[in-house]
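Structure first, commentary second.
Chains as they are written, first to last, in full-length UniProt numbering: chain A, 1 to 358; chain B, 1 to 358.
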């Protein structure tokens with residue numbers, strides 16, 4: 001039997017930064033996110049007779065010795081299965097003994113875009129395995145998380161909160177759906193060149209946890225309030241407040257990176273131009289667009305569908321985007337003025353869709 | 001009678017950001033600084049019969065209507081004088097009635113360098129007035145402060161702490177000398193181009209005070225500890241610890257700017273290159289150099305004299321500096337490798353000298 005799923009990536013609106021357990025990937029704080037529908041992993045998993053598990057991504061075989069997390073994921077999934085078999089059948093045999101996972105995945109992420117493709121990838125593997133061997137939701141969520149922390153947020157549609165939990169074994173650490181989809185939400189992802197050599201997020205989180213006093217304060221006093229504000233603004237469809245918290249939290253996350261020793265920089269000149277463009281677009285009235293940046297220079301601009309054309313017209317007067325990408329969203333916009341920054345790619349997407357079985 | 005003084009600029013090692021009173025320029029937190037000997041204002045003040053106060057800087061008359069702080073400074077100085085005359089002479093007349101201040105100042109700051117020339121300028125005016133009309137130290141310190149907040153830190157040599165105080169009238173807000181000069185300390189100031197339109201520090205401080213949760217935490221819980229650490233490391237001549245706190249505090253100040261809504265950016269690409277150079281220079285052993293950035297892209301690198309040549313050799317392999325500036329410090333260094341950033345000017349200075357009467 002082969003199970004095929006499609007799982008979207010997700011973008012955090014209140015960010016996760018820092019682990020309380022690196023092995024189990026337990027975060028220091030809760031985070032909250034939306035899926036980005038257009039960027040996804042399509043993944044098939046089957047259990048087959050072969051010497052070892054195999055993973056192929058976009059037609060290329062993954063070396064499981066240098067990418068250890070796949071094996072961790074497979075082992076945990078099989079452990080859950082054995083546990084269940086043991087409970088149900090009072091210790092009798094497991095009918096999958098000797099079978100190995102064969103994973104075939106394709107993604108539509110732009111190559112080296114610095115977008116969180118691993119989150120969608122591990123969420124897709126976990127969901128396919130969940131269906132294939134019959135894990136419950138909590139088990140599948142854990143399998144996704146130990147593959148790539150934020151993958152657990154891609155297991156649901158709508159607004160999703162990843163609870164950090166406090167238990168050492170991580171049994172109270174999982175993602176839950178907080179709210180249904182907000183149908184008019186869209187995002188525009190501006191893919192910029194990475195100008196700096198990136199500090200990987202695992203290394204960056206470790207460094208911030210060890211050296212940033214502001215991170216400790218953020219985790220203890222600010223994150224939960226912000227998540228509550230996001231959930232409330234989302235519930236009320238109050239875009240102005242929603243945007244305010246999203247931008248503040250993106251900025252605070254990058255502030256924490258700067259408060260780290262040695263300091264970490266993810267925002268490039270182009271990122272800052274995009275920030276200026278959004279701040280300018282929001283002047284004089286209610287906020288109509290919100291930027292958010294993960295551990296890289298690329299911007300995700302969140303806005304309601306009714307404001308997409310206006311924003312694009314305004315943004316492309318200062319940031320040049322590939323004309324083919326632009327024409328997919330609008331054919332009436334011409335990029336004429338002197339650009340102050342250039343994006344390699346522009347992606348347009350709805351937000352909040354759940355993963356699906358194909 | 002004319003009084004002439006020379007007053008150096010100062011650079012904060014633990015930064016001041018945010019005012020508790022904008023009119024009296026009372027800061028939200030203490031700060032601690034060293035003077036930069038080579039950059040200074042040379043200022044003569046006399047009391048003369050003329051229609052109004054006059055200020056000339058580098059041969060150019062200042063418009064006192066659009067630069068209101070000069071008048072504030074003069075009025076406060078004269079108020080102190082009248083108060084003293086009143087106390088001493090039991091209400092008899094003031095022999096300076098009708099006389100006005102004539103200020104003539106020259107500075108050696110590179111034009112538009114974004115260095116804190118106003119701090120040295122107002123400190124110089126205040127010190128000259130102090131001698132001219134006989135103010136006490138606390139009075140002169142206040143006069144300097146209401147001209148330009150950090151000017152009060154240029155009124156002494158050595159390590160100087162500006163106490164924020166808590167009183168509404170600011171009578172407990174003044175700078176004090178914490179320690180004598182550390183004779184081997186030097187600084188190298190890399191003047192970079194300002195790539196961004198700068199948010200002025202008055203506006204920036206206001207915005208951060210109103211919107212940054214991290215600033216509140218910094219002020220309440222971190223600043224005093226850092227000042228104590230700086231004072232202790234300075235006392236012990238423990239450069240490694242001294243450098244650690246200086247760099248952390250510079251980074252935290254810029255993190256606060258980023259945690260502001262809308263976010264404020266003072267560090268340019270070139271600033272970040274300099275940060276990388278210093279972090280790299282400090283790898284594998286005790287720290288031998290420390291960067292600090294005020295509200296602009298220019299770097300002040302603090303180090304001991306014995307490490308100046310090594311650092312310069314290392315830094316100029318990646319950051320090009322004007323050859324004339326370099327030759328003043330070393331004639332044995334050639335800038336050969338591919339530069340990753342370019343400085344417009346390099347200034348070399350001792351640190352910690354007091355202002356002097358000429």
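Backbone N, C-alpha and C fix where the C-beta goes; we use that ideal spot for every residue, glycine too. Predicted, not measured: the structure shown is a model, and the values here were computed from it.
Note on residue 268 (chain B): 16 or more other CB atoms within 10 angstroms of its CB, so buried under the neighbour-count rule.
Residue ranges of uninterrupted beta strand (DSSP E) with 3 or more members, entirely inside the segment 151-204 of chain B and ordered along the chain, are 159-162, 175-179 and 185-191.
Residue burial annotation: residue 137 (chain B) is exposed, with fewer than 16 other C-beta atoms found within 10 angstroms of its C-beta.
With fewer than 16 neighbouring CB atoms inside 10 Å of its own CB, residue 334 (chain B) falls in the exposed class. Closest by C-alpha distance to residue 330 (chain A), out of A:347, A:261 and A:340, is A:347. Taking a beta-carbon distance threshold of 8 angstroms, residue 338 (chain B) does not count as an interface residue toward chain A.
A contact is defined here as three or more CB-CB pairs under 8 angstroms, and the segment 202-209 of chain A meets this definition with respect to the segment 251-271 of chain A. With respect to the 8 angstroms criterion, residue 173 (chain B) and residue 165 (chain B) are classified as neighbours on the basis of their beta carbons. Not one beta carbon of chain B lies nearer than 8 angstroms to the beta carbon of residue 206 (chain A). Residue 16 (chain B) is a Cβ neighbour of residue 27 (chain B), given a cutoff of 8 angstroms. The Cβ-Cβ distance between residue 319 (chain B) and residue 341 (chain B) falls below 8 angstroms. When the alpha-carbon of residue 275 (chain B) is set against those of B:53, B:265 and B:298, the nearest one is in B:298. Taking 8 angstroms as the cut-off, the beta carbon of residue 282 (chain A) is found no closer than this to the beta carbon of residue 160 (chain A).
Residue 42 (chain A) and residue 121 (chain A) have their C-alpha atoms spaced approximately 8 angstroms apart.
Taking the C-beta atoms as reference points, residue 45 (chain A) is found no nearer than 8 angstroms to residue 176 (chain A). When the beta-carbon positions are compared, residue 277 (chain A) and residue 315 (chain A) come within less than 8 angstroms of each other. Among the residues of chain B, those whose CB is under 7 angstroms from the CB of residue 272 (chain A) are 265, following chain order. The bridge partners DSSP lists for residue 72 (chain A) come to none. If you draw a 10 Å sphere on the C-beta of residue 221 (chain B), you find fewer than 16 other C-beta atoms in it, and that means exposed. Against chain A, the CB of residue 256 (chain B) has a partner CB under 8 angstroms away; the residue lies at that interface.
Taking all protein chains in view, the Cβ of residue 127 (chain A) is crowded by 16 or more other Cβ atoms within 10 Å, so the residue is classified as buried. If you compare the alpha carbons of A:265, A:80 and A:65 with that of residue 142 (chain A), the shortest gap goes to A:80. Approximately 6 angstroms separates the beta-carbon atoms of residue 351 (chain B) and residue 35 (chain B); this is inside 8 angstroms, confirming the contact. Residue environment: residue 59 (chain A) is assigned as exposed (fewer than 16 neighbouring CB atoms within 10 Å of its CB, all protein chains considered). In this structure, the straight-line span from the alpha carbon of residue 61 (chain B) to that of residue 39 (chain B) is close to 21 angstroms. By alpha-carbon distance to residue 339 (chain B), the top candidate from B:356, B:313, B:358 and B:118 is B:313. With fewer than 16 neighbouring CB atoms inside 10 Å of its own CB, residue 48 (chain A) falls in the exposed class.
Taking a beta-carbon distance threshold of 8 angstroms, residue 294 (chain B) does not count as an interface residue toward chain A. Runs of the beta strand (DSSP E) lying entirely within the UniProt domain "Mvd1 C-terminal" (187-334) of chain A, each at least 3 residues long, are 289-293 and 299-304 in chain order.
The C-beta distance from residue 355 (chain B) to residue 123 (chain B) rounds to 7 angstroms, short enough to fall under 8 angstroms.
DSSP, reduced to helix, strand and coil, places residue 12 (chain B) within a strand of the structure shown. From the listed residues B:101, B:132, B:33 and B:171, the smallest Cα separation to residue 146 (chain B) is found for B:171. Taking 8 angstroms as the cut-off, the beta carbon of residue 358 (chain B) is found no closer than this to the beta carbon of residue 103 (chain B).
One alpha carbon belongs to residue 326 (chain A), the other to residue 191 (chain A), and they sit about 13 angstroms apart.
Rounded to whole angstroms, the gap between the alpha carbons of residue 140 (chain A) and residue 328 (chain A) is 36 angstroms. With a cutoff of 8 angstroms on beta-carbon distance, residue 300 (chain A) and residue 125 (chain A) are scored as not near each other.
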